[in-house]
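First up is the structure itself, then whatever we jot down about it.
So, in structure tokens, the structure goes:
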């Protein structure tokens, strides 16, 4: 693997508003042509981080480099970034063409070149017939495209997206998401994408950065974030997870085989990484569990009562409470297709040992 | 159904609207018809342009006309020039901004005649300004500043009284521009001057024009400021109209009517010209 | 905004607030203070040029203005007239405001503009040719003339303010009240009145103030028989400039109106429907 040039590097970035610490020691870098998502609940600092990269909010400490250049003291208008706003922020008095040309004219490009570039970008996002209209005359999806085209037109070193899809309806959202990713791949622009929608993050990123309370909780490719969450927050925020405290009874680090007690009995866990303590949290995904009608394994086989069943068409969600465990604990599993079980019925479930992950230590 | 609704609405509108329309059309109609010899208080009613000839050939009338046009234009432009940066400054609230907007709006509560008195009292021969200048050693003896020939005092009063209105009209439209829009422009490389020229001015053009038109009309029809603080060698149009009516006996009404029609014309076309020129200027700056 | 830049911004802001305060002081506070001072100059000891401060202060000037001039009569006229004008204006404006605020009909925007016409005709033109009209119609009562003139020229303000109030009444509250079987009177009391009351009072006060301040019609139509406070003030400002008297009358004209205006502003601010209905 060749070492990629960093289009963007953030080092120990911290920022506070009054007494509220919005960013704490955030460090990450983005390779040329990569799409990185900043994922987290509202107030986690993801938008603040994006605005700091754009230059709208100066950092208290730390540094931001774009294409190897330190951005300290560089105002937003001098940075090689372009932002797609959640509100689109289109200039209402300018036509679509003038909106797209805005950044180019600011860069003192010849007007004949501007016209050809505007036409080319409009073509790419499918806006050619709308060029002379005003933003107010366009639909939400079209406005979102204008915002995208306006940012793309200046060929920024880093494209910044601030929850660009949150004002679109569900169907259109999927469509535009695929489109943004396709454009990003095709033109190879570097992008930082802020969202609170974990599906969006998993679907379109090269790298996902999960944030909470101004700090990075975990960073990695989407599969890794989903399959190997490092703590309860990430496990719960990205996808659905059954999280439970476990006590490690026996461990064999060489083979990676661990024996634990969990709320519904003794379980075996296969893990490449050892647990960080003797009493820790572990998690597993609902879709990893199997009903024993489908399989005949004996390891990690447990008996549950079905307390609720939700039929979703292609999937079926079951809420289970353990036969011989704490009464209030309940777990979710997800099966494919039609599952012929009823509420109140007892089922045997197998949780594969390599589907259970160790998380952080239980702090009393 | 809709027709019924409309009929009902118009019936409800009558008590409020009818007096306005009746009063205004009667007053304007009175002025126009008296200017051409009808509704005479002396002699028979008959069409005549005698009063128009009389007034339009008077040197004094044209001086009054130009004087009103000039002070109105100056007052409108200066008020807006002063109000605009303040409105930009107070676009987003900050500690103390409420206090400042309250102070800016204060002159609205002061009657025009009182304002004129305060001003004259301030600059008069033994007013505060002269006493201060003499005591601080800037001048040897008090200066005569009252009723200055160039009507600087009148323009100052107009700006003092009308700037708050300009501010109120403009600040609303400046505040309506979203932060995102300005941030977007910034992110695309627009510095503050480019943002002002290409985003803020075009988006606030309508309120800019509204403020200019309003102040132009108010200042063109001014009587009190001119009477109290204006130059004694020239009249404002309103003052000239009142004087013409009072001095010239029975004919006065007809001649005053001519002045009134000219004043309405000045208000209408003058304010349109000022608004049109502003639009041209902003359009040009957008490039 | 943050960190290193914040202290600079704060200083810049303090400086500009200081500047604004200084401008305010010279443009408003000081002139008013001088007016107060002038109104307290003792008639027997005039305040002449080289003196920085008046030699003797007393309330005798106020007493003299009150007893020797027509001021008491003018005050009575002004306030009496303003009360009549504001009630008449409100009565005429309310149904139009209801139509403009709560109904959709053809030509609404044109009607809206029409209501504003009195604001763009220069005051003195309305005043002079209204007086011509009164002569033509053989109306010789000065009071009636001024009353009609004020009412019509202040109607636009009342209509505008009350239109906003009526527009703020929530249709769902009206519907709910009717759905629960309320009589028209009860609907008005529960759904309309709480929302429009502040706007109504504010309109009343603002028209009251504007009527007291109106000069053109009062001067042209009313004078010399029907004098109001502004016409008295004007008589002290003209060719016979009587400074201490003008100072006293100025204060009498401004101070009550400022107080009333502050009340009106408070009322208008409380007219927010979210507060009235308890919903955000």
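Protein chains in written order, with UniProt numbering: chain A, 1 to 364; chain B, 1 to 287; chain C, 1 to 280.
Built from N, CA and C at the ideal position, the CB exists for glycine as well.
Cβ of residue i within 8 Å of any chain B Cβ
i, result
"residue 3 of chain C", "The predicted model places residue 3 of chain C with a pLDDT of 41, which falls under 50 and marks its position as unreliable, so this point remains unresolved."
"residue 238 of chain C", "yes"
"residue 168 of chain C", "no"
"residue 256 of chain A", "no"
"residue 216 of chain C", "yes"
"residue 253 of chain C", "yes"
"residue 77 of chain A", "yes"
"residue 102 of chain A", "yes"
"residue 263 of chain C", "no"
Amino acids of chain A, ordered along the chain, whose beta-carbon sits closer than 7 Å to that of residue i
i, result
"residue 208 of chain B", "By Cβ distance, chain A contributes nothing, its closest Cβ being about 13 Å from residue 208 of chain B, past 7 Å."
Under 7 Å by beta carbon: chain B residues contacting residue i
i, result
"residue 142 of chain A", "Result: empty, since nearest Cβ-Cβ is about 17 Å, beyond 7 Å."
"residue 191 of chain C", "Within 7 Å Cβ-Cβ: nothing; residue 191 of chain C doesn't reach chain B, min ~18 Å."
"residue 257 of chain C", "109"
"residue 106 of chain A", "188, 189, 190, 194"
Beta-ladder partner(s) of residue i, from DSSP
i, result
"residue 322 of chain A", "A/304"
"residue 284 of chain A", "A/242"
"residue 218 of chain A", "A/210"
"residue 66 of chain A", "A/8, A/69"
"residue 251 of chain C", "DSSP lists no partner for residue 251 of chain C."
"residue 316 of chain A", "A/311, A/335"
"residue 248 of chain A", "A/260"
Chain-ordered chain B contacts of residue i [CB-CB under 9 Å]
i, result
"residue 215 of chain A", "Per Cβ cutoff of 9 Å: no residues; residue 215 of chain A is ~25 Å from chain B at best."
"residue 429 of chain A", "Because chain A here runs from 1 to 364, residue 429 of chain A falls outside it and cannot be looked at."
Chain A contact for residue i (CB, 8 Å cutoff)
i, result
"residue 88 of chain B", "no"
"residue 255 of chain B", "no"
"residue 247 of chain B", "no"
"residue 184 of chain B", "yes"
"residue 96 of chain B", "no"
"residue 276 of chain B", "no"
"residue 172 of chain B", "no"
"residue 178 of chain B", "yes"
Rounded distance between the beta-carbons of residue j and residue i, thought under 8 Å
i, j, result
"residue 160 of chain B", "residue 107 of chain B", "6 Å"
"residue 254 of chain B", "residue 34 of chain B", "5 Å"
"residue 216 of chain C", "residue 123 of chain C", "4 Å"
"residue 333 of chain A", "residue 315 of chain A", "Actually they are not in contact, since the Cβ atoms of residue 333 of chain A and residue 315 of chain A sit about 11 Å apart, beyond 8 Å."
"residue 189 of chain B", "residue 106 of chain A", "4 Å"
"residue 121 of chain B", "residue 29 of chain C", "No, residue 121 of chain B and residue 29 of chain C are not in contact; Cβ-Cβ is about 14 Å, not under 8 Å."
"residue 127 of chain C", "residue 232 of chain C", "The pair is not a contact, with the Cβ atoms about 17 Å apart (cut-off 8 Å)."
"residue 279 of chain A", "residue 361 of chain A", "7 Å"
Buried/exposed call for residue i, threshold 16 Cβ in 10 Å
i, result
"residue 265 of chain B", "exposed"
"residue 258 of chain C", "exposed"
"residue 171 of chain A", "exposed"
"residue 284 of chain B", "exposed"
"residue 358 of chain A", "buried"
"residue 47 of chain B", "exposed"
"residue 18 of chain B", "exposed"
"residue 175 of chain A", "exposed"
"residue 151 of chain C", "buried"
"residue 80 of chain C", "exposed"
"residue 2 of chain A", "The predicted position of residue 2 of chain A is uncertain, since its pLDDT is 38 and thus under 50; a value taken from the coordinates is nonetheless stated next. So residue 2 of chain A counts as exposed."
"residue 51 of chain A", "buried"
"residue 9 of chain B", "buried"
Min CB distance residue i to chain C below 8 Å
i, result
"residue 135 of chain B", "yes"
"residue 160 of chain B", "yes"
"residue 1 of chain B", "Legend: pLDDT at residue 1 of chain B = 49, less than 50; position of this residue unreliable, value from coordinates given subsequently. Closer than 8 Å: no."
"residue 46 of chain B", "no"
"residue 28 of chain B", "yes"
"residue 12 of chain B", "yes"
Interface residues of chain B facing residue i [CB-CB closer than 8 Å]
i, result
"residue 223 of chain C", "Correct list: empty, because the minimum Cβ distance to chain B is about 11 Å."
"residue 154 of chain A", "188, 189"
"residue 223 of chain A", "Those within 8 Å of residue 223 of chain A in chain B number zero; the least Cβ separation is about 32 Å."
"residue 87 of chain A", "178, 180"
Beta-carbon neighbours of residue i, restricted to chain C and to distances below 9 Å
i, result
"residue 19 of chain B", "92, 148, 151, 152, 155"
Per-residue contacts from residue i into chain A (C-beta, under 9 Å)
i, result
"residue 202 of chain B", "91, 93, 94"
Contact test: residue i Cβ vs the ligand FAD heavy atom, cutoff 7 Å
i, result
"residue 267 of chain C", "With respect to the ligand FAD, the structure offers nothing, as it holds no ligand at all."
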